[in-house]
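First the structure, in the form of structure tokens, and then the observations on it.
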Amino acid sequence: MDHFLYRNGLLHAEDVAIADIAATVGTPFYCYSAATLTRHYHLFTEALSPLPHLVCFAIKSLSNVAVLKLLGDLGAGMDVVSAGEYRRARAAGVPGERIVFSGVGKTREEMRLALTGGIRQFNVESEPEMRALSEVALSLGVVAPITIRVNPDVDARTHEKIATGKSENKFGIPISRASEVYAEAAALKGLRVVGIDVHIGSQLTELEPFEQAYLKVADLTRRLRSEGHSIERLDLGGGLGIPYARSNEAPPLPTDYGALIKRTVGDLGCEIEIEPGRLISGNAGILVSSVIYVKEGEGRDFLIVDAAMNDLVRPSMYGAHHDIVPVVEPAPGQEAQPYDVVGPVCETGDTFAKQRPLSALAEGDLIAFRSAGAYGAVMASEYNTRPLIPEVLVKGDHFAVIRARPTFDEILSRDTIPAWL
Ligand code: LLP
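full-length UniProt numbering puts the last residue of the sequence shown at 421; the count rises by one with no breaks.
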């Protein structure tokens with residue numbers, strides 16, 4: 001459930017009319033609902049209770065500092081994958097002991113930043129990384145808490161670009177070699193092993209692959225303990241999918257996911273960490289755009305809108321579906337007609353939807369792309385020198401711009417012409 005609903009025929013984010021935000025901010029823009037973010041976060045904490053747990057929001061899905069502050073103030077931890085994300089979490093007031101650091105390519109500089117600024121644990125993904133982290137920790141006179149990410153060789157049955165738990169993927173160490181790698185970690189003076197980490201992919205629409213992976217982690221926990229390691233925490237990753245199309249069957253609910261966690265690893269006495277991104281942020285955001293032209297093509301009508309693939313890349317990158325709704329609710333019984341919804345970027349790939357049935361639209365009409373809160377703004381670029389679009393946060397009847405649209409002067413001032421040119 002989210003808080004983007006029609007009221008008196010107008011799409012609202014909570015108590016604010018989208019058209020009012022558009023009139024103030026201009027289009028296109030992202031709009032997030034604080035109540036939806038809060039609700040989704042609580043779904044996870046409720047699903048995991050009474051197990052000791054920490055829900056670490058995957059910042060990569062939506063990294064605006066205002067959103068992180070909102071979630072951090074509720075008690076959320078953060079899953080970061082870069083120095084930039086670490087800084088965002090800290091800027092939002094999240095203490096180091098609630099930040100986990102994931103990613104296959106952490107640099108020594110990033111390790112230093114997190115070790116000096118405070119960190120709950122590093123989720124280490126390879127032996128070279130483990131050795132580097134130990135060296136960096138020793139040079140700072142500290143000990144780095146780590147889990148080791150294991151690759152369970154499980155098919156997440158999701159889009160191939162976002163599956164991460166198969167043996168051919170670059171992530172984690174093969175679970176078959178875990179004993180050997182944990183033994184080496186235990187011998188490195190700069191490290192303290194605290195647990196196991198696993199993440200098999202994103203936008204999973206079935207629980208079964210999680211079950212396979214978590215059962216393997218449970219076995220591994222028992223084995224590593226018998227080999228003398230202290231396994232206090234299990235980081236079970238993120239990945240629970242969301243419904244992108246209202247008509248589709250719904251993916252599993254956080255309660256069922258929580259029950260699965262309790263069933264598979266709940267009796268091990270470990271603290272459970274999860275790293276959900278999309279389920280918290282995805283349906284908590286929309287992308288609002290306006291129609292520039294309606295163009296009659298050969299046997300089809302193009303809706304040319306002012307948002308483009310550089311603002312929301314998921315349709316062109318993954319062939320992803322995002323529901324599109326008009327901001328003014330269509331009158332009951334109004335007929336839908338098919339449109340190809342496209343942006344102004346000079347690529348055929350700049351297509352949001354083909355032959356999408358929508359009520360008749362005209363120049364200047366506002367539309368909203370739903371489920372755009374996750375991997376929307378964060379994956380945007382300035383391709384075609386289109387400024388990054390603003391982000392707006394709504395809470396009740398308040399709204400605020402939480403990232404402003406840059407001016408063209410700001411964009412141009414980042415380029416420099418060398419004196420010798
Ligand atoms: N933890 C780790 C280690 C991850 O790599 C990811 C996502 C997550 C947690 C959060 O997964 P989530 O709960 O959001 O599914 N750009 C793609 C998604 C890439 C996901 C990358 N890793 C998309 O737009 O679908």
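Heads up, the beta-carbon is just placed ideally off N, CA and C, and yes, glycines get one too. Just so you know, these numbers come straight off a predicted model, no measurement behind them.
Quick one: using the 10 Å Cβ neighbour count with 16 as the cut-off for buried, is residue i buried or exposed?
i, result
"residue 350", "buried"
"residue 139", "exposed"
"residue 8", "exposed"
"residue 293", "exposed"
"residue 225", "exposed"
"residue 366", "buried"
"residue 428", "Since the first and last residues shown for the chain are 1 and 421, residue 428 lies out of range."
"residue 246", "exposed"
"residue 73", "exposed"
"residue 144", "buried"
Taking the straight line between their C-alpha atoms, what separation do you get for residue i and residue j?
i, j, result
"residue 272", "residue 76", "13 Å"
"residue 320", "residue 61", "15 Å"
"residue 105", "residue 130", "11 Å"
"residue 362", "residue 48", "47 Å"
"residue 382", "residue 313", "12 Å"
"residue 176", "residue 152", "8 Å"
"residue 200", "residue 156", "6 Å"
"residue 103", "residue 254", "24 Å"
"residue 389", "residue 28", "6 Å"
"residue 58", "residue 407", "29 Å"
"residue 335", "residue 170", "48 Å"
"residue 89", "residue 146", "19 Å"
"residue 63", "residue 212", "30 Å"
"residue 167", "residue 281", "29 Å"
"residue 96", "residue 114", "8 Å"
"residue 163", "residue 391", "29 Å"
"residue 425", "residue 403", "Look at the range of the chain in this structure, 1 to 421, and you will see that residue 425 is not part of it."
"residue 154", "residue 15", "43 Å"
"residue 34", "residue 158", "28 Å"
"residue 124", "residue 346", "41 Å"
"residue 53", "residue 290", "43 Å"
"residue 370", "residue 194", "39 Å"
"residue 233", "residue 379", "31 Å"
Residues bridged to residue i by DSSP?
i, result
"residue 121", "100"
"residue 31", "286, 392"
"residue 337", "358"
"residue 53", "272"
"residue 400", "393"
"residue 233", "195, 271"
"residue 296", "301"
"residue 174", "151"
"residue 58", "79"
"residue 351", "342"
"residue 201", "163"
"residue 324", "369"
"residue 12", "5, 17"
"residue 144", "191"
"residue 291", "305"
Nearest to residue i by CA position, among the options, is which residue?
i, options, result
"residue 405", "374, 311, 328, 358", "311"
"residue 308", "288, 24, 219, 2", "288"
"residue 38", "333, 24, 67", "67"
"residue 338", "296, 347, 332, 107", "296"
"residue 120", "354, 390, 110, 78", "78"
"residue 235", "243, 210, 241, 223", "210"
"residue 305", "325, 2, 283", "325"
"residue 83", "117, 70, 340", "117"
"residue 302", "358, 281, 315", "358"
"residue 268", "114, 181, 207, 215", "215"
"residue 412", "291, 69, 387", "387"
"residue 20", "40, 384, 400", "400"
"residue 221", "403, 110, 182, 2", "182"
"residue 331", "360, 259, 46", "360"
"residue 92", "70, 81, 355, 166", "70"
"residue 316", "343, 300, 290", "343"
"residue 188", "172, 178, 127", "127"
"residue 107", "260, 132, 353", "132"
Pop quiz: residue i and residue j are said to be a contact at Cβ under 8 Å. What is the actual Cβ separation, rounded to whole angstroms?
i, j, result
"residue 198", "residue 238", "With a Cβ gap of about 11 Å, residue 198 and residue 238 do not count as contacting."
"residue 422", "residue 274", "As displayed, the chain neither begins before 1 nor continues past 421, which places residue 422 out of reach and without an answer."
"residue 5", "residue 328", "No, residue 5 and residue 328 are not in contact; Cβ-Cβ is about 14 Å, not under 8 Å."
"residue 497", "residue 322", "The structure shown does not extend to residue 497, since the chain is modelled only from 1 to 421, so the question has no answer here."
"residue 284", "residue 376", "About 11 Å separates the two Cβ atoms, so there is no contact after all."
"residue 218", "residue 265", "5 Å"
"residue 286", "residue 31", "5 Å"
"residue 43", "residue 262", "Wrong, their Cβ atoms sit about 15 Å apart, outside the cutoff."
"residue 427", "residue 40", "Limits of the chain in this structure are 1 at one end and 421 at the other, which puts residue 427 out of reach."
Would you please verify whether the beta carbon of residue i is less than 7 Å from any beta carbon of chain D?
i, result
"residue 119", "The structure shown has no chain D; it contains just one protein chain."
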